[in-house]
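A short write-up of the structure that comes next.
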Amino acid sequence: FDPWRKMLDLVPSDYIVRCSDMGPTTSYNRRAAEYIKATNNTQLDCMDDIVWFSPACRGNTSKCLPGLVQYDYDKSIQEIFFLNMPVALIMVASGSSNFDAVYYSAIQRGKFLFGWFQPDDSLIDASGRLPIRVQMPANNALEHADGIFRTGNADFFPRNYIWNKLLDVDRFSWYLMSRMSFYSQDMDNMMIRSRQLKNLKLSTDAAIRQSACDWIMSNEDRWTTWLPAECAAGSYTADLVDCLPCPAGSYCPGPLEEPVTCPSGFYCPINSSAPILCPGGATTLVPGASARSSCSTCPPGKYDIAGACATAAELVGWIIIPVLAAAAGFMLAGYKGYRVMNRGSGDSRRLIGMPSGTPATQRDLPSPLRRKYQAVQVLGSGAFGVVLEAWQMSNGTR
Numbered sequence: 107f108d109p110w111r112k113m114l115d116l117v118p119s120d121y122i123v124r125c126s127d128m129g130p131t132t133s134y135n136r137r138a139a140e141y142i143k144a145t146n147n148t149q150l151d152c153m154d155d156i157v158w159f160s161p162a163c164r165g166n167t168s169k170c171l172p173g174l175v176q177y178d179y180d181k182s183i184q185e186i187f188f189l190n191m192p193v194a195l196i197m198v199a200s201g202s203s204n205f206d207a208v209y210y211s212a213i214q215r216g217k218f219l220f221g222w223f224q225p226d227d228s229l230i231d232a233s234g235r236l237p238i239r240v241q242m243p244a245n246n247a248l249e250h251a252d253g254i255f256r257t258g259n260a261d262f263f264p265r266n267y268i269w270n271k272l273l274d275v276d277r278f279s280w281y282l283m284s285r286m287s288f289y290s291q292d293m294d295n296m297m298i299r300s301r302q303l304k305n306l307k308l309s310t311d312a313a314i315r316q317s318a319c320d321w322i323m324s325n326e327d328r329w330t331t332w333l334p335a336e337c338a339a340g341s342y343t344a345d346l347v348d349c350l351p352c353p354a355g356s357y358c359p360g361p362l363e364e365p366v367t368c369p370s371g372f373y374c375p376i377n378s379s380a381p382i383l384c385p386g387g388a389t390t391l392v393p394g395a396s397a398r399s400s401c402s403t404c405p406p407g408k409y410d411i412a413g414a415c416a417t418a419a420e421l422v423g424w425i426i427i428p429v430l431a432a433a434a435g436f437m438l439a440g441y442k443g444y445r446v447m448n449r450g451s452g453d454s455r456r457l458i459g460m461p462s463g464t465p466a467t468q469r470d471l472p473s474p475l476r477r478k479y480q481a482v483q484v485l486g487s488g489a490f491g492v493v494l495e496a497w498q499m500s501n502g503t504r
């Protein structure tokens with residue numbers, strides 16, 4: 107180590123924090139009361155108000171090792187006391203790039219104990235060597251919580267910090283970022299590479315990007331395990347790990363898209379990668395159709411019954427009432443009558459497939475009904491047969 111006085115030669119006096127400015131109301135609070143309580147030592151006075159000598163070397167300051175810090179001055183003086191380290195400690199101001207530049211310059215030009223945070227490439231030398239870390243006693247978190255700092259700080263790895271709304275906005279980016287994981291050696295290597303690039307006059311931004319790119323090119327086997335599943339068209343992923351068949355009624359364009367509801371006018375069977383247009387100008391009444399049978403030429407509010415379009419009310423007259431009537435074995439009496447004529451019967455065969463309104467005669471009625479009813483017209487016709495409008499006759503008249 108260099109003599110502690112060399113620190114005073116390398117750090118301008120106006121960059122050094124004075125001990126009298128480390129009170130409880132300042133940002134450089136050294137927490138004197140906590141130090142005295144934890145150590146039962148009151149030797150906190152500083153030479154020239156800038157250098158604190160630890161009890162281990164106060165009797166002979168020539169034996170004090172030089173120590174520089176920018177942060178955690180309060181923790182440092184306790185650790186130095188409890189470990190009986192002979193240290194002359196100076197605090198350099200923080201909070202601006204100018205202060206940081208002076209701090210790093212002094213460390214690079216001297217042989218001192220100093221505080222440092224990682225990852226940081228500022229103190230890596232031209233040959234790519236990292237500073238030598240002083241191995242402190244293992245962290246005692248309980249003591250630290252009580253304000254006693256006889257052990258080292260806990261290692262803190264600031265990674266995988268993600269915006270808490272990212273999952274709602276982009277679940278694929280969230281998946282990638284939540285699985286990113288670097289070893290300490292990875293970070294050291296990237297910092298060494300960044301410093302080498304800066305020594306070649308690359309800007310800070312360019313050096314950071316290039317060192318990250320170099321890591322990606324050399325570690326494909328690592329980062330590919332962080333990626334979400336990319337599913338083929340016609341499939342999707344719910345958990346971002348496995349691919350599933352696209353559900354019926356939706357289509358999945360892939361590779362990272364979620365299922366999309368099939369639009370009106372199209373149908374989407376299972377495993378659809380795109381919606382299928384209904385043929386012949388047909389459409390679907392609602393989105394989410396899963397089969398071609400859902401396509402119809404009928405307008406909204408009407409239903410396709412074997413090629414004929416009918417409202418719900420007409421369906422009642424065409425199908426439900428005639429079925430009930432047939433089950434009872436009689437025609438509906440009154441001014442109007444309805445009858446479903448069987449396709450296989452001889453009666454009404456000529457009317458199969460005729461449009462609504464086609465004239466019908468008594469000959470289109472079953473023989474037993476011809477004397478009582480007079481056929482008027484076709485109400486509906488399809489695969490089920492024919493629905494006729496019939497009027498009941500009274501004394502030969504309607």
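Each residue of the sequence shown is one higher than the one before, starting from 107 at the first, in the numbering used here. A virtual CB, placed ideally from N, CA and C, is assigned to each residue, including glycine. Quantities reported herein were computed from a predicted structural model and do not represent experimental measurements.
Taking a contact as a CB-CB distance under 8 Å, the pair Ser356 and Thr367 counts as one, their CB atoms being some 6 Å apart. In the three-state scheme derived from DSSP, where H, G and I count as helix and E and B as strand, Phe288 is classed as coil. Residue state for Cys152 is assigned as strand, using DSSP reduced to three classes. Collapsing the DSSP output to three states places Glu336 in coil.
Residue environment analysis places Phe159 among the buried positions, since at least 16 neighbouring C-beta atoms fall within 10 angstroms of its C-beta. Burial is judged here by how many other beta carbons sit within 10 angstroms of a residue's own beta carbon; Trp110 has at least 16 and is buried.
In the displayed model, Tyr141 falls within a helix according to three-state DSSP. One alpha carbon belongs to Lys181, the other to Asp348, and they sit about 49 Å apart.
Non-local C-beta neighbours of Met293 in its own chain, meaning closer than 8 Å and more than five positions away in sequence, comprise Gln224 and Pro225, ordered along the chain. Per DSSP, the unbroken alpha helix (DSSP H) holding Ile186 starts and ends at Tyr179 to Phe188.
Residue burial is scored here from C-beta neighbours: Glu364 has fewer than 16 other C-beta atoms within 10 angstroms and is therefore classed as exposed. Rounded to whole angstroms, the Cβ separation of Leu219 and Val198 is 13 Å, and the two are not in contact under 8 Å.
Residues Met242, Pro243, Ala244, Asn245, Asn246 and Glu249 of the same chain have their beta carbon placed closer than 7 Å to that of Thr257, with the five preceding and five following residues left out of the count. Assigned with DSSP and collapsed to three states, Leu114 falls in helix. The DSSP-derived three-state label of Gln316 is helix. It is roughly 21 Å from the alpha-carbon of Leu236 to the alpha-carbon of Met113. Ranking Ser324, Leu383 and Ala395 by CA distance to the CA of Ala354 puts Ala395 first. The region 120 to 132 makes no contact with the region 140 to 148: fewer than 3 CB pairs, one atom from each, lie closer than 8 Å. Only buried fits Met297, as 16 or more other CB atoms lie within 10 angstroms of its CB. Judged by DSSP secondary structure, Leu272 falls within the alpha helix (DSSP H) whose first and last residues are Leu272 to Val275. Cβ contact annotation for Tyr209 (same chain, cutoff 6 Å, sequence separation greater than five): Gln176 and Val198, in chain order.
CA-CA distance, Arg456 to Leu475, rounds to 18 Å. Judged by their CB atoms, Thr403 and Ala388 are nearer to each other than the 8 Å cut-off. Apart from sequence neighbours up to five positions away, the residues of its chain that approach Thr467 with a beta-carbon distance below 6 Å are Ala481, ordered along the chain.
The Cβ atoms of Leu195 and Ile183 lie closer than 8 Å to each other.
Spanning the alpha carbons of Lys217 and Phe107 requires a straight line of approximately 5 Å.
Cβ neighbours of Ser370 within its own chain (closer than 7 Å, five residues either side excluded): Thr389, Thr390, Val392 and Pro393. The beta-carbon separation of Val484 and Met460, rounded to 5 Å, stays under the 8 Å limit for a contact.
The alpha-carbon of Pro334 is positioned some 6 Å away from that of Tyr281. Where Val123 is concerned, there is no enclosing beta strand (DSSP E), because DSSP gives it neither an H nor an E.
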